[in-house]
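Just remember that the numbering used here sits 1160 ahead of the position in the sequence shown, which is counted from 1.
In what follows, a single structure is set out as structure tokens and then discussed.
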Amino acid sequence: MQAKPQTVTPEILVQRARDLVPVLAERAAKAEADRCVPKETIADMQAAGLFDVLKPKMYGGYEMDPQVFYDVCTTLAEGCMSTAWIYGVIGVHNWQIALFDPRAAADVWGGGDHSVLIASTYMPKGQVKRVEGGFQFSGRWGFSSGIDHCQWVFLGGLIFPEDGKGAPEYRTFLLPRSDFEVIDTWHTMGLKGTGSKDIVVKGCFVPEYRTHKASDGFMGTNPGGETFTSTLYDLPFGQIFVRAVSSAAIGGLQGAVNSFVDWGKAWTGNMGSKTAEQGPAQLAVADAMLAVDEMKLILRRNFDVLLTKIRNGEPLDLNERLHYRYQAAQVVERCARHAYQLFSACGGRGIFSDFPLVRFFLDIHAARAHYANNPDIFGRNYGGVLLGRDNTDFFL
């Protein structure tokens, strides 16, 4: 008798990610040297079903709650933060495409290969001209993480009013590999393995249905809503995406703690003092562990609240969304502070490039450079709204 296929649960997926951690740690040096996550790693994540967490069931996905997705991301980061970073960025696109007109998802997966991946760079760099049936599109964008493993890409662009009056409309444009060129510019101090290269489009046609309005993502009026009916796709895009580019840092901080503990338990410095007996080392480990726990709890709580309201048909409060947005923006800077505390407790050993903690330290600080991880911008907007000023951020 043939055994029944195993039902995939959140716990199984997170355990599969946990099983990959030592493998990713072994491959981390190669990812850095190649400036690209190995193809074997992508194949392993595909085989484990990790990219299917947020994907529509229509195309082989699980349509699980985003907390599962972020648990997978933070777990992977304990082995290699570059791998977790591209998992977060690429994996969230399998959610975003459900917001588009359903013909867009059919273009990507309708041929039967549900393993096809989508990269992105949302900078509003696209030169857009409206033509019959869609848009003429061109431009150059930076920071397309994991693009070497992807066959499609989301690109940002602004559509200006024809009469020159009013604000431009931001849209995401979906393009196949045949419509763009990849330029290798990725020589960085951290997140080296993400291969976040430049994209060049020299002029192509993008049909209207392969675009998505940011305003639809904010208001919840997405064209895909009648086809992809899970409440998962009623979540605001701004809430989902910003956590996709900050959650890897939480796992990266845990990875830094793990490396520090493994080393510090047995290390005796040149002056004869044991790291395990030093107050700064003890506090650095304790404080980092508390921070990881708190950041994970807040992330899960926030999506519990959002999903509960959506399932109960309750409106999402603007101030609540601003609050959550600011919390997401604080994550990487908070992780960077704790990574620095750990680094400082390493003494002279910490400055050597082969020291395991160094990679996590640099990767976390590189993640801080992402626009979405700048807490000052979003904290000032949130504070301004609380003080009676108008909201200026609609990526919520």
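Each residue gets a CB set at the ideal place from its N, CA and C atoms; glycine is no exception.
Since we're looking at a predicted model, the values are computed, not measured.
Check, Outcome
"Identify, in the order they occur along the chain, each residue of the same chain with its Cβ nearer than 8 angstroms to the Cβ of Ser1298, setting aside the five sequence neighbours on each side.", "Gly1286, Gln1287, Val1361, Lys1362, Gly1363, Cys1364"
"Let me check understanding here. Comparing Cα to Cα, which of Tyr1222, Pro1198, Val1197 lies closest to Gly1209?", "Tyr1222"
"Since Gly1294 and Glu1368 are thought to touch, with beta carbons under 8 angstroms apart, how far apart are those beta carbons, to the nearest angstrom?", "5 angstroms"
"Less than 6 angstroms between C-beta atoms, sequence neighbours within five positions excluded: which residues of the same chain meet that for Ser1406?", "Ala1488, Val1491, Val1492, Asn1533"
"Using CA atoms only, rank isn't needed, just tell me which of Phe1397, Leu1392, Tyr1486 is closest to Arg1471.", "Leu1392"
"Going by beta carbon distance, what residues of the same chain come within less than 7 angstroms of Tyr1219, once the five residues before and after it are set aside?", "Ala1265, Trp1269, His1274"
"Are Leu1566 and His1309 closer than 8 angstroms when you measure CB to CB?", "With the chain covering 1161 to 1556 only, the question about residue 1566 has no answer from this structure."
"Is Ala1163 helix, strand or coil when you go by DSSP?", "Any reading at Ala1163 must be qualified, since the residue scores a pLDDT of 42, below 50, and its modelled position is unreliable; the value itself is stated next. The answer is coil: DSSP assigns Ala1163 none of H, G, I, E or B."
"Just curious, the beta strand (DSSP E) that Leu1318 is in, first and last residue?", "1312 to 1319"
"Give me the Cα-Cα distance between Met1455 and His1483, rounded to the nearest whole angstrom.", "14 angstroms"
"Closest by CA to Met1349, which one among Tyr1531, Arg1195, Lys1373, Tyr1542?", "Arg1195"
"Report the CB separation of Phe1260 from His1347 in whole angstroms; it is logged as a contact under 8 angstroms.", "Between His1347 and Phe1260 the Cβ distance is about 34 angstroms, and since that is not below 8 angstroms, they are no contact."
"Going by C-alpha to C-alpha distance, which of Thr1243, Asp1553, Ser1356 sits closest to Asn1541?", "Asp1553"
"Assuming the contact rule is C-beta atoms closer than 8 angstroms, Phe1521 and Ala1505 should be a hit. Round their C-beta distance to whole Å, please.", "About 12 angstroms separates the two Cβ atoms, so there is no contact after all."
"What residues in its chain sit with their C-beta under 8 angstroms from that of Ala1451, if we drop five residues either side in the sequence?", "Leu1413, Arg1494, Cys1495, His1498"
"Can you tell me the Cα-Cα spacing of Gly1306 and Ile1410, whole angstroms?", "20 angstroms"
"Would you tell me roughly how many angstroms separate the C-alpha atoms of Gln1256 and Val1228, rounded to the nearest one?", "16 angstroms"
"Hey, is the region 1230 to 1242 in contact with the region 1172 to 1182, meaning 3+ C-beta pairs nearer than 8 angstroms?", "yes"
"Excluding five sequence neighbours on each side, which residues of the same chain lie with their C-beta closer than 6 angstroms to the C-beta of Thr1169?", "none"
"Compute the distance between the beta-carbons of Lys1357 and Ser1242, then report whether it is under 8 angstroms.", "no"
"Is it the case that the CB of Arg1195 approaches a heavy atom of the ligand NAP more closely than 7 angstroms?", "Judged by which ligands are present, the structure shown has none, so any question about the ligand NAP falls away."
"If Met1205 sits next to Leu1214, beta carbons under 8 angstroms apart, how far is it from one beta carbon to the other, in whole angstroms?", "Actually they are not in contact, since the Cβ atoms of Met1205 and Leu1214 sit about 14 angstroms apart, beyond 8 angstroms."
"Under 6 angstroms Cβ to Cβ from Gln1162, same chain only, skipping five residues before and after it: list those, please.", "In this prediction, Gln1162 scores a pLDDT of 42, lower than 50, which makes its location untrustworthy; no coordinate-derived value is stated."
"Going along the chain, which residues of its own chain have a beta-carbon closer than 6 angstroms to the beta-carbon of Leu1420, five neighbours each way excluded?", "Checking the sequence shown, residue 1420 turns out to be Phe, not Leu. Around Phe1420: Leu1502, Leu1517."
"For Gly1286, list the residues DSSP reports as bridge partners.", "Gly1317"
"Per DSSP, what are the beta-bridge partners of Ser1280 in this structure?", "Phe1314"
"Using the Cα positions of Arg1528 and Glu1238, report the straight-line distance between them to the nearest angstrom.", "18 angstroms"
"Among the candidates Tyr1531, Gly1272, Glu1322, whose CA atom is the shortest distance from the CA of Arg1290?", "Glu1322"
"Less than 8 angstroms between the C-beta atoms of Ala1191 and Val1183, yes or no?", "no"
"Can you tell me whether DSSP reads Leu1334 as helix, strand or coil?", "strand"
"Quick one, which of Lys1199, Ser1338, Thr1354, His1525 has its alpha-carbon nearest Ile1246's?", "Thr1354"
"What residues in its chain sit with their C-beta under 6 angstroms from that of Leu1236, if we drop five residues either side in the sequence?", "Ala1177, Thr1243, Ala1244, Tyr1247"
"Candidates Arg1337, Gly1473, Phe1320: which alpha carbon is nearest Arg1331's?", "Phe1320"
"In angstroms, rounded to a whole number, what distance separates the CA positions of Asp1212 and Gly1324?", "42 angstroms"
"Should Gln1399 be labelled buried (16 or more other beta-carbon atoms within 10 Å of its own) or exposed?", "buried"
"In the DSSP assignment, find the beta strand (DSSP E) that holds Cys1364 and state where it starts and stops.", "1357 to 1367"
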